[in-house]
Amino acid sequence: MVYLIKLKSTMHKKIRRFQIRVRRQHRANTRAFRRLRRHPVMIPVATFLALCIIAFVGFLLLNGGKPKFKPITSYIVIITHDHEQQTVPTNERTVGLLLAKLHITLNQGDVVEPALSAQINEDNFRINIYRALPVEIVDDGQITHTLSAAATPRSIVEQAGITLYPEDGVTESTPTNIVNSNSVASQVVINRATPINLNVYGTQTVTRTHDATVGALLADKHVVLGKGDSVDPAPSTPITANMQVFLLHHGTTIQTVSQVIPAPVQSIPDSSLTIGTSAVRQAGSAGVELVTYEVQLQNGVPVGRTPIQTVVTQPPVTRILAIGTASLGGDLATWLYKLRSCESGGNYQDDTGNGYYGAYQFSAGTWDRLNTGYAYAYEAPPEVQDTAIIENTNASSGGIASQNPGCYYKEGLSAYPPGQ
0 MVYLIKLKST MHKKIRRFQI RVRRQHRANT RAFRRLRRHP VMIPVATFLA LCIIAFVGFL
60 LLNGGKPKFK PITSYIVIIT HDHEQQTVPT NERTVGLLLA KLHITLNQGD VVEPALSAQI
120 NEDNFRINIY RALPVEIVDD GQITHTLSAA ATPRSIVEQA GITLYPEDGV TESTPTNIVN
180 SNSVASQVVI NRATPINLNV YGTQTVTRTH DATVGALLAD KHVVLGKGDS VDPAPSTPIT
240 ANMQVFLLHH GTTIQTVSQV IPAPVQSIPD SSLTIGTSAV RQAGSAGVEL VTYEVQLQNG
300 VPVGRTPIQT VVTQPPVTRI LAIGTASLGG DLATWLYKLR SCESGGNYQD DTGNGYYGAY
360 QFSAGTWDRL NTGYAYAYEA PPEVQDTAII ENTNASSGGI ASQNPGCYYK EGLSAYPPGQ
């Protein structure tokens, strides 16, 4: 018992001495910290070190430890404007920034190809500036004077801010018969189509036509009256503005659905533009068609349908795209050749059913994002596919090394097209 009491007393003494040492050490640490904190450079140094650590960690997280942006490189650019050709070196990244730096002024109606937002990413990059000329637009007797360098008559009218429908005819002529021909470079005449209200099996829509009679309208729209079909008014009725035309069906259940007609794309090779660039000469627009189905019923429930009529209520307008073909040199041509040879054996029409298409094996999702105007890569001309792979590679943080490491290593390709 006495032993236990002595042991307990000894333990209490040891604990007490330990607590005293801890308190003394704590007071010493506190005094040292206060002296350090009062040092004139302590806070700036600590702040700088903390910011360096935060910046380094953020760089690793956001970039995966790799630089995301390519170093700025100077390129040679060929600019054609005002009847002269100018060759300049530049570090500017876009067409618009370069023109601003060179103090090249753009006036109303002027056209720049490629667009001001186009990336300058190659030597011998070409920029063309087309200066606007006076144009007279005649629209049902109303005359508008404007300035335009647009490539097509329809584009001239749209650039002037005049509403144009797909069915309207547009023609351009020289000003030989214009009273003020000395001040007008060309004349654009709009031949307006007549608007009518067309009711296709109960679905109302507005369409436009140059036809003289209801019968001619139906023939132009490829409408064939089948069993149980009728038209009101009669086919011999003259077309007048905003008239009502009914296409009727009796005896069976029908269903009419509106569908979009994609705008067709016309690609024009242009040697005045650099390969890998493009310019929209005419915007184009989608059309609309009404498809009528005969519905099969079983015990009053639809079990199928058969198309019986298709009426184009608004025709599509062709999108015209100029595709650059001017060579940048053998290096780029070799790079493209090796890449497509590795990807598809160089077959621009490649469609193996594996979900990748064309000479460079684009996925459907990637191809859609590039907005080329073609549903699939294998449907696009070679110059469009070449342009698309250059644009897609330049937009990638890792270039072809991340998009297709197999061909990148196998062919010894650069991560970006030559000059990137």
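Position one of the sequence shown corresponds to residue 0 (numbering that gives the first Met the number 0), numbered consecutively onward.
Glycine included, C-beta positions come from ideal geometry on N, C-alpha and C.
Along the beta strand (DSSP E) that carries residue i, what are the first and last residues, could you check?
{"i": "ASN196", "result": "193-199"}
{"i": "PRO381", "result": "First-last for PRO381: 381-393, but that is the alpha helix (DSSP H), not the beta strand (DSSP E)."}
{"i": "VAL279", "result": "277-281"}
{"i": "ILE155", "result": "Looking at the DSSP string, ILE155 is not in any beta strand (DSSP E); the run it does join, the alpha helix (DSSP H), is 152-158."}
{"i": "LEU217", "result": "No beta strand (DSSP E) holds LEU217; the alpha helix (DSSP H) holding it covers 213-219."}
{"i": "LEU246", "result": "243-248"}
{"i": "ILE103", "result": "ILE103 -> no beta strand (DSSP E), and no H or E assigned at all."}
{"i": "GLN203", "result": "202-208"}
{"i": "GLU112", "result": "110-112"}
Check whether the Cβ atoms of residue i and residue j sit closer than 8 Å, and answer yes or no.
{"i": "TYR359", "j": "ILE388", "result": "yes"}
{"i": "THR386", "j": "ILE319", "result": "no"}
{"i": "ALA149", "j": "GLN158", "result": "yes"}
{"i": "VAL87", "j": "LEU115", "result": "no"}
{"i": "ALA192", "j": "GLU171", "result": "no"}
{"i": "THR371", "j": "GLU121", "result": "no"}
{"i": "ALA414", "j": "ILE399", "result": "yes"}
{"i": "PRO380", "j": "SER271", "result": "no"}
{"i": "PRO417", "j": "THR392", "result": "no"}
{"i": "THR501", "j": "GLU288", "result": "No answer is possible for residue 501: the residues shown for the chain start at 0 and end at 419."}
{"i": "VAL310", "j": "VAL199", "result": "yes"}
{"i": "PRO315", "j": "PRO261", "result": "yes"}
{"i": "PRO263", "j": "THR317", "result": "yes"}
{"i": "GLN402", "j": "TYR347", "result": "no"}
Under the three-state reduction of DSSP, which class applies to residue i: helix, strand or coil?
{"i": "TYR355", "result": "strand"}
{"i": "ILE399", "result": "helix"}
{"i": "SER229", "result": "strand"}
{"i": "GLU171", "result": "strand"}
{"i": "PRO404", "result": "helix"}
{"i": "THR365", "result": "helix"}
{"i": "GLU83", "result": "strand"}
{"i": "SER413", "result": "coil"}
{"i": "THR333", "result": "helix"}
{"i": "LEU338", "result": "helix"}
{"i": "ARG20", "result": "helix"}
{"i": "SER343", "result": "helix"}
{"i": "GLU378", "result": "helix"}
{"i": "SER182", "result": "helix"}
{"i": "GLY63", "result": "With a pLDDT of 44 at GLY63, under the threshold of 50, the modelled position of that residue is not reliable, and the figure given next carries that caveat. Here GLY63 sits in coil by DSSP."}
{"i": "GLY303", "result": "strand"}
{"i": "GLU166", "result": "coil"}
{"i": "ILE189", "result": "strand"}
{"i": "LEU224", "result": "coil"}
Based on the DSSP output, what are the partners of residue i in its beta bridges?
{"i": "ILE142", "result": "VAL137"}
{"i": "ASP350", "result": "TYR356"}
{"i": "ALA325", "result": "THR273"}
{"i": "ARG125", "result": "ILE77"}
{"i": "GLU288", "result": "GLN258, VAL311"}
{"i": "PRO268", "result": "ILE322"}
{"i": "ILE253", "result": "GLU293"}
{"i": "SER116", "result": "Bridge partners of SER116: none, in fact."}
{"i": "THR89", "result": "TYR74"}
{"i": "PRO237", "result": "THR212"}
If we count the other Cβ atoms within 10 Å of its Cβ and call it buried at 16 or more, is residue i buried or exposed?
{"i": "ASP367", "result": "exposed"}
{"i": "MET0", "result": "For MET0, the pLDDT reaches just 49, beneath the cut-off of 50, and the residue's location in the model is therefore unreliable, leaving the point undetermined."}
{"i": "HIS82", "result": "exposed"}
{"i": "ARG20", "result": "exposed"}
{"i": "THR104", "result": "exposed"}
{"i": "VAL213", "result": "buried"}
{"i": "ASP138", "result": "buried"}
{"i": "VAL76", "result": "buried"}
{"i": "GLY405", "result": "exposed"}
{"i": "PRO301", "result": "exposed"}
{"i": "ASN298", "result": "exposed"}
{"i": "ASP219", "result": "exposed"}
{"i": "VAL111", "result": "buried"}
{"i": "THR276", "result": "buried"}
{"i": "SER147", "result": "buried"}
{"i": "TYR408", "result": "exposed"}
{"i": "VAL134", "result": "buried"}
{"i": "THR456", "result": "Residue coverage of the chain in this structure runs from 0 to 419, which leaves residue 456 outside it and unanswerable."}
Taking the alpha helix (DSSP H) that residue i belongs to, which residues open and close that run?
{"i": "VAL94", "result": "94-100"}
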